[in-house]
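Undergrad:
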Amino acid sequence: MMRRSIALCMTALSLALVATAGTGADAQPGSTPVAAAEDPLFTQPYIDIDEWRDAPVRHRYVPGGFKGTETRFSA
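What the sequence shown shows, in mature numbering (1 follows the signal peptide of the UniProt record, and there is no 0), is residues -21 to -1, 1 to 54, in sequence order.
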């Protein structure tokens, strides 16, 4: 359960960071833009299944991970 919570938090954080990337929200006037950091470990994500579930409420279940690692996610 703890691993799942961590994976969900990391997924949410990643999505939040991607959503705000390039918006200029944190840019100072006259500052030089910094290139986004790249993580060579998590470059090959995969999805096991992509399905709709009805219990406990209707939701989309998408588990997966990253090739070459033991890191898993579920959204």
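Just so it is clear, CB atoms sit at the ideal spot from N, CA and C, and this is done for glycine as well.
1. Compare the Cα-Cα distances from ASP27 to each of SER10, LYS46, VAL41, ILE(-16) and report the closest residue.
2. Is the separation between the beta-carbon of PHE45 and that of PRO12 shorter than 8 Å?
3. Secondary structure at ARG37, three-state DSSP: helix, strand or coil?
TA: Quick answer:
1. Mapped onto the sequence shown, residue 27 falls at position 48. Selected option, being the one with the closest Cα: VAL41.
2. Stepping through the sequence shown from its first residue, residue 45 is reached at position 66. Stepping through the sequence shown from its first residue, residue 12 is reached at position 33. The answer is no: Cβ separation not under 8 Å.
3. The count along the sequence shown starts at 1 and reaches residue 37 at position 58. Coil at ARG37, not helix or strand.
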